[in-house]
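J.: With the first letter of the sequence shown counted as 1, position 86 gets the number 99 in the numbering used here; the numbers rise by one all the way through.
Think of the CB as a built atom: it goes at the ideal place given N, C-alpha and C, for glycine as much as any other residue.
Can you keep this structure in mind? I'll have questions shortly.
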Amino acid sequence: MSVEPVETFPNPEASRDYEITIRCPEFTSLCPKTGLPDFGEIRITYTPDRKCLELKALKYYFIGFRDRGIFYEALTNQILDDLVAACSPKRMVVVSDFSVRGGITTTVTASYETPGHPEETVDGSQPPKER
């Protein structure tokens, strides 16, 4: 089952690096084992290059998962792959934070960085240097 494509628009400040964070606190998909609904929050943080994600299209993209059975890990990585393909960001992090089920919460983080772009952590700080 495919999901809606994500539309973009030209980055109005392409000469500057800045970060965009998008939250979808009411995300739903289905457990592929039981068919029961999974509820969670999807957070996308990215530094746009030439294109930005259009929010209405992103909403419909997320709705496309509502009746789809998919594991959290596959879901998070598919969202990252689809959004990177749509907007070609300098960097992007997708965090899927799912609600308690069976006494367990699950958070999955997937990230992308344009080759050759300086690495930073999600909060913007530089990672520790390797020795």
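Look at Arg104 and Thr34 and say whether their C-beta atoms are less than 8 angstroms apart.
T.: Taking the first residue of the sequence shown as position 1, residue 104 is located at position 91. Taking the first residue of the sequence shown as position 1, residue 34 is located at position 21. Going by C-beta atoms, Arg104 is not nearer than 8 angstroms to Thr34.
J.: Between which two residues does the alpha helix (DSSP H) holding Phe75 run?
T.: Taking the first residue of the sequence shown as 1, we reach residue 75 at position 62. It spans Leu68 to Ile76 - the alpha helix (DSSP H) in which Phe75 sits, taken as one unbroken run.
J.: Using only alpha-carbon positions, find the residue among Gly53, Glu39 and Pro18 that is nearest to Thr119.
T.: Taking the first residue of the sequence shown as position 1, residue 119 is located at position 106. Here the closest residue by C-alpha is Gly53.
J.: According to DSSP, is Thr89 part of a helix, a strand, or is it coil?
T.: Position 76 of the sequence shown, counted from the first residue, corresponds to residue 89. Correct three-state label for Thr89: helix.
J.: Identify, in the order they occur along the chain, each residue of the same chain with its Cβ nearer than 6 angstroms to the Cβ of Val108, setting aside the five sequence neighbours on each side.
T.: Taking the first residue of the sequence shown as position 1, residue 108 is located at position 95. If we look at Val108 and ignore the five residues flanking it on each side, its Cβ neighbours are Arg56 and Thr122.
J.: Is it buried or exposed, Tyr31, if we count other Cβ atoms within 10 angstroms and call 16 or more buried?
T.: Here residue 31 is taken as the residue at index 18 of the sequence shown, counted from 1. Tyr31 comes out exposed.
J.: For Glu32, report the span of its beta strand (DSSP E) as first-last.
T.: Here residue 32 refers to the residue found at position 19 of the sequence shown. Glu32 -> no beta strand (DSSP E), and no H or E assigned at all.
J.: Mark Ser42 as exposed unless 16 or more other C-beta atoms lie within 10 angstroms of its C-beta, in which case mark it buried.
T.: As a working mapping, residue 42 is identified with position 29 in the sequence shown. Its Cβ being crowded by 16 or more others within 10 Å, Ser42 is buried.
J.: Please check the pair Glu67 and Thr21, which I expect to be a contact at CB under 8 angstroms, by giving their CB distance rounded to whole angstroms.
T.: Counting from one through the sequence shown, the residue named residue 67 turns up at place 54. Counting from one through the sequence shown, the residue named residue 21 turns up at place 8. The Cβ separation is near 6 angstroms, so the contact holds.
J.: The beta strand (DSSP E) that contains Asp51, what's its start and end?
T.: On the sequence shown, position 38 is the one that residue 51 refers to. Its beta strand (DSSP E) spans residues Pro50 to Thr60.
J.: In angstroms, rounded to a whole number, what distance separates the CA positions of Ser112 and Asp80?
T.: As a working note, residue 112 is residue 99 in the sequence shown. As a working note, residue 80 is residue 67 in the sequence shown. In a straight line, the C-alpha of Ser112 is about 17 angstroms away from that of Asp80.
J.: DSSP three-state label for Ala123, please.
T.: To locate residue 123, count along the sequence shown from 1; it is residue 110. If DSSP states are grouped into helix, strand and coil, Ala123 belongs with the strands.
J.: Please report the distance separating the alpha-carbon of Gly77 from that of Ile92.
T.: In the sequence shown, counting from the first residue as 1, residue 77 sits at position 64. In the sequence shown, counting from the first residue as 1, residue 92 sits at position 79. Cα-Cα distance, rounded: 11 angstroms.
J.: What are the partner residues of Cys37, as DSSP defines its beta bridges?
T.: If you number the sequence shown from 1, residue 37 lands on position 24. Ile55.
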